[in-house]
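The working numbering numbers the first residue of the sequence shown as 47 and each following residue consecutively. For every residue, glycine included, the Cβ atom is placed at its ideal position computed from N, Cα and C.
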Amino acid sequence: MKITRSMNTYDIEELYPLCFTERQLRLPVSMSHGGLLGVDASLAQLVITWAKAQSKSTLHLYADTENALDQVSQLAKTAAGLAALVMSSDIVSENHDPIDRRAALTVIRPMIEAMFESDLKHTSGGKGARPKVINLFSINHAQMEYIKPFYYGGGEPEVHKWPTFSTLIEDLSSVMHTRHERNALMRSGLSALGTVLEELISNADEHASCDLMGVKYKKGLRGMTVKASRISKMEIKNYSHTEPEFARFVIRHMVKDVDALDFLELSIIDSGPGLARRWLSKNEGAPLELLDKLSLDEELQATLDCFKKHVTTKPSKESGMGLHNAVQAFNKLQAYVRLRTGRLCLSQAFQGHEGEVAYHPKKWSGGGELEAAEGTVFTICIPVN
């Protein structure tokens, strides 16, 4: 399966059937970011699905043997590349020479250490004083699995509470944005993302690191990629027929006489079983291995149930608020949110309404039924204006 730099989210969706037939994967070290929103996260989810579908998966590099480790270092700076390096069975060079996994992991260790220590500037690629992308991921069974931005404590690390995540978001913005942009984001309620991150990272920690029987996956990852993005009026017009809700969202938030919208794109990515399978397995007391046992309507209802007030699968959450709190934070931020899980792709543009709001997303299928994706990806778009 070959990925090209110019692929957009629609192209990526069309590749899902190949996850079950293609043993080898070839990835570019960067994407040209077509398709408006969430390309990096969409590609990471495709890679996760491919790796979990193949009993023997091979990451095929574009570099020769002599330069293979240099390319490994570059790939690891993207969410999809890191997922491929972590979850594939083997790594080979352009001329099919095997690359030692220990050597590959040694090359990316400085980046993993940067994630662990919250050295935000050195967690991804990019040049210049202000990085455009920051990645933070926990890797199953790694020596530095419980990275400090997400966890605290010793023997049994726990996920931080929302105030710590609010501080993390402020730190991310201070690294990526100018003071003017950061102040604008803070006025729009950026710190409310702390609640979102606590809920989504807690869910990934509780439900994405282990299989449906409660056994920790041998290979897996969970975390987030944050990107400073811009879209022009011309670009949004080109996609208005396929992404009408997002197009309206962008136009609504554009400042008068300004032809582009700057926004913060934050994606939470995990390699777990997905929301519906986890929810129904917990409620029915037996693992739901295949989604094709469900109708799409049943899968949708199970997914929406995860967001209802006073329902949770986490026994440690006495309040039972779960993802309901995240929805309230989305509303406060007036964010656009896309969720890809199982056979569903759901999106909602939040308006900042008074009082509590419900999760009432619209379905996107790209003109046909979607293939089942492994893991769960939330992509959150927050305007900078």
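_By alpha-carbon positions, which one of 332, 417, 381, 421 ends up nearest to residue 396?_
By alpha-carbon distance to residue 396, the top candidate from 332, 417, 381, 421 is 381.
*Mind checking residue 338: buried by the 16 CB within 10 Å criterion, or exposed?*
exposed
_The alpha helix (DSSP H) enclosing residue 292, as first and last residue numbers_ = 290-299
*asked:* Below 8 Å on the Cβ atoms is my contact criterion, and I expect residue 310 with residue 428 to pass it. Report the Cβ-Cβ distance as a whole number of Å.
replied: The C-beta separation of residue 310 from residue 428 comes to about 5 Å, placing the pair in contact by the 8 Å criterion.
*Cβ-Cβ distance between residue 269 and residue 183 below 7 Å*: yes
*With C-beta atoms as the reference, is residue 198 less than 7 Å away from residue 206?*
yes
*Residue range of the alpha helix (DSSP H) that residue 429 falls in?*
Element bounds for residue 429: not the alpha helix (DSSP H) but the beta strand (DSSP E), 419-430.
*Between which two residues does the beta strand (DSSP E) containing residue 394 stretch?*
390-395
*Are the region 95-115 and the region 234-254 in contact at 8 Å, needing three or more beta carbon pairs?*
Two segments are said to touch when three or more pairs of C-beta atoms, one from each, lie closer than 8 Å; by this definition the region 95-115 does not touch the region 234-254.
*Contact belief for residue 122 with residue 89 at Cβ below 8 Å, rounded distance in angstroms*: Going by Cβ atoms, the distance from residue 122 to residue 89 rounds to 14 Å, so no, they are not a contact pair.
*With a 10 Å radius around its C-beta and 16 neighbouring C-beta atoms as the bar for buried, classify residue 280 as buried or exposed.*
exposed
*Buried versus exposed, by CB contacts within 10 Å (16 or more), residue 378*: buried
_Coarse secondary structure for residue 72, derived from DSSP in three states_ = strand
*Beta carbon of residue 421, beta carbon of residue 317: below 7 Å?*
yes
_Closer than 6 Å to a non-hydrogen atom of the ligand NAP - does that hold for the CB of residue 341?_
For the ligand NAP, the structure offers nothing, since it holds no ligand at all.
*If we call anything under 7 Å between Cβ atoms a contact, is residue 371 one with residue 241?*
yes
_Taking its Cβ as the centre, do 16 or more other Cβ atoms sit within 10 Å of residue 75, making it buried, or is it exposed?_
buried
*Among the residues of its own chain, which have a CB less than 6 Å from the CB of residue 365, if the five just before and after it don't count?*
Residue placement at residue 365 is flagged as unreliable, the pLDDT there being 40, under the threshold of 50; the coordinate-derived value follows with that caveat. So no residue of the chain qualifies.
*In its own chain, which residues sit with a C-beta less than 7 Å from the C-beta of residue 63, not counting the 5 before and 5 after it?*
417
*asked:* Is the beta carbon of residue 313 closer than 7 Å to that of residue 179?
replied: no
_Pick from 54, 352, 283 that is closest to residue 404, judged by C-alpha positions_ = The option with the nearest alpha carbon to residue 404 is 352.
*Report the rounded CA-to-CA distance for residue 94 versus residue 60, giving the unit in angstroms.*
15 Å
*Is any beta-carbon of chain B found at less than 7 Å from that of residue 200?*
Looking for chain B here will not work: only one protein chain is present.
*Can you give the Cα-Cα distance for residue 110 and residue 144, rounded to whole angstroms?*
11 Å
*Should the region 189-197 be called in touch with the region 153-170, which here means at least 3 C-beta pairs below 8 Å?*
yes
*Helix, strand or coil for residue 285 per DSSP?*
helix
*residue 187, enclosing beta strand (DSSP E) - first and last residue*: Per DSSP, residue 187 belongs to no beta strand (DSSP E) and is neither H nor E.
_For residue 22, which residues in the same chain have their Cβ closer than 8 Å to its Cβ, ignoring the five residues on either side in sequence?_
Summary: the structure shown does not reach residue 22, with the chain confined to residues 47 through 431, and so no result is reported for it.
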